[in-house]
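Visitor: Protein chains in written order, with the working numbering: chain A, 836 to 978; chain B, 836 to 978; chain C, 836 to 978.
Here it is, the structure in full.
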């Protein structure tokens, strides 16, 4: 298995294709991994993103799909302690949804981790996080 | 051909990559297959999605590209019989665009198939449908 | 290298997978290439797209990532000479971001290249451009 993996990575490397061995080893696919983007300031969209996360977990099985919500730009407000959907964000985190806040937006908006709902993950940048997930083979939805 | 396909799937399997043999056999690619998401309640976005579908068919050839519009959340209203863009939806279906309605949203909004424009396909879930298409290699656009 | 590339393309071809040799040769990946879509008429979204482009370049290194902004539909107004974000569009072009205007939208809105900010690239169609980039392995973000 390790040899086959190494051979695949080497072969791809020779052909000029960048392949992440981590992604290959993890077997991440777009049917078992989804990143949901929130970049709107509209609470209606925040609720829709939370519904999407829940529906995907119900349809595929909570333990068979990895769901991440990435909030950036005006979407960061979704993750503040006083957010209109704070209850839903807490419930999502309880269901093992990774809820990520964009570090670049936090700096720009002078928001600190203490201002965010407990359990939110701070990532260096929202778009960078989405690029990383797509490069690992995750599906992408922007409600 | 079948042996090469089997070998590729086996090799990928050994390396821990989930590959859909159906997708491989169908040869679906992101240049010949596109899923267009509608999750806004705004008729302007509905019209834009319909224009996108038509333009893609005109540019690539109606028989050379498979186009699917997936409506969910507030976007479901696009597909109701009394929709402001009902004429455009009918025309898209006539041009072999698959127009899909989210079953989860229908249940939540108490909308039945009888409330929808004739020819609309009901799928179990809008986001699940989009994940499935991405896992099969389709392009994704969210107007 | 050339032989391995040819073998990979042939093998994929036998299995019914369409692979772009150009994409393979260029080694385009979703971590080093991103296409950012603008299809809203809202200047707030235009600014967010410009911020996204700048942040990606800062995080990954301006010379290590290829960024393209594709504007279509109501998003085309972002690229007109009298746009509220003309300064930001000029700055993005100066930083080697490819800024692309949808030819289909231009025709429909009777906008000519002379109406656009200098340095904007006119592409045949915005959605077609995005499909092409995704088929080449680029990441996709729609702010």
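Heads up, the beta-carbon is just placed ideally off N, CA and C, and yes, glycines get one too.
Note that this is a predicted model, so its numbers are computed, not measured.
If residue 957 (chain C) sits next to residue 890 (chain B), beta carbons under 8 angstroms apart, how far is it from one beta carbon to the other, in whole angstroms?
Guide: At roughly 15 angstroms, the Cβ-Cβ gap does not stay under 8 angstroms, so residue 957 (chain C) and residue 890 (chain B) are not in contact.
Visitor: In chain C, which residues lie less than 7 angstroms from residue 978 (chain B) when you measure between Cβ atoms?
Guide: 874 and 908
Visitor: Hey, is residue 865 (chain A)'s beta-carbon within less than 7 angstroms of any beta-carbon in chain B?
Guide: yes
Visitor: What are the residues that DSSP puts in a beta bridge with residue 939 (chain A)?
Guide: The partner list for residue 939 (chain A) (beta bridge, DSSP) is empty, contrary to what the question assumes.
Visitor: Does DSSP put residue 871 (chain A) in a helix, in a strand, or in coil?
Guide: The answer is strand: DSSP assigns residue 871 (chain A) an E or B state.
Visitor: Relative to the C-alpha of residue 920 (chain B), which residue among B:893, B:896, B:873 and B:944 is closest?
Guide: B:873
Visitor: Please go through the same chain and pick out, in chain order, the residues whose beta-carbon is closer than 6 angstroms to the beta-carbon of residue 839 (chain C), but skip the five residues on each side of it.
Guide: Residue placement at residue 839 (chain C) is poorly supported in this model, since its pLDDT is 45, which falls under 50; the coordinates still yield a value, given next. Hits under 6 angstroms: none found.
Visitor: Among A:914, A:954 and A:973, which one has its Cα closest to the Cα of residue 875 (chain A)?
Guide: A:914
Visitor: Listed from N- to C-terminal order along the chain, which residues in the segment 930-954 of chain C have their beta-carbon within a distance smaller than 7 angstroms of any beta-carbon of chain B?
Guide: Residues of the segment 930-954 of chain C with a C-beta less than 7 angstroms from any C-beta of chain B: 939, listed in chain order.
Visitor: Give me the Cβ distance between residue 908 (chain A) and residue 883 (chain C), rounded to the nearest whole Å; I'm assuming they're in contact under 8 angstroms.
Guide: 5 angstroms
Visitor: Should the segment 938-946 of chain A be called in touch with the segment 889-904 of chain A, which here means at least 3 C-beta pairs below 8 angstroms?
Guide: no
Visitor: Any Cβ of chain C within less than 7 angstroms of the Cβ of residue 894 (chain B)?
Guide: yes
Visitor: Distance check for residue 951 (chain A) and residue 973 (chain B), CA to CA, integer angstroms please.
Guide: Distance between the alpha carbons of residue 973 (chain B) and residue 951 (chain A): 36 angstroms.
Visitor: Count the other CB atoms, across all protein chains shown, that sit within 10 Å of the CB of residue 916 (chain B); report buried if there are 16 or more and exposed otherwise.
Guide: exposed
Visitor: What number of angstroms, rounded off, separates the C-alpha of residue 953 (chain A) from the C-alpha of residue 936 (chain A)?
Guide: 12 angstroms
Visitor: For residue 947 (chain A), count neighbouring C-beta atoms within 10 Å of its own C-beta (all shown protein chains included) and say buried if the count is 16 or more, exposed if not.
Guide: exposed
Visitor: Under 6 angstroms Cβ to Cβ from residue 864 (chain A), same chain only, skipping five residues before and after it: list those, please.
Guide: 972
Visitor: Using a Cβ-Cβ distance under 7 angstroms, would residue 904 (chain C) count as near chain B?
Guide: no
Visitor: Is it the case that the CB of residue 877 (chain A) approaches a heavy atom of the ligand GDP more closely than 6 angstroms?
Guide: The model on display carries no ligand, and the ligand GDP is accordingly not part of it.
Visitor: Starting from the beta carbon of residue 901 (chain B), find every residue of chain D whose beta carbon is closer than 8 angstroms, and list them in chain order.
Guide: Absence of chain D from the displayed structure is noted, the protein chains being A, B and C.
Visitor: Identify the contact partners of residue 869 (chain C) in chain A, using a Cβ-Cβ distance below 7 angstroms as the criterion.
Guide: 966
Visitor: Looking at residue 977 (chain A) and residue 968 (chain B), is the spacing between their C-beta atoms short of 7 angstroms?
Guide: No, these two residues do not count as a Cβ contact at 7 angstroms.
Visitor: Looking at residue 955 (chain B) and residue 932 (chain B), is the spacing between their C-beta atoms short of 7 angstroms?
Guide: Taking 7 angstroms as the Cβ cut-off, residue 932 (chain B) and residue 955 (chain B) do not qualify as a contacting pair.
Visitor: Please identify the residue among C:928, C:922, C:960 and C:970 whose C-alpha is closest to the C-alpha of residue 897 (chain C).
Guide: If we check each option's Cα against that of residue 897 (chain C), C:928 comes out closest.
Visitor: On the criterion of 16 or more Cβ atoms from any shown chain inside 10 Å, does residue 949 (chain C) qualify as buried, or is it exposed?
Guide: Looking at its Cβ environment, which holds fewer than 16 other Cβ atoms inside 10 Å, residue 949 (chain C) is exposed.
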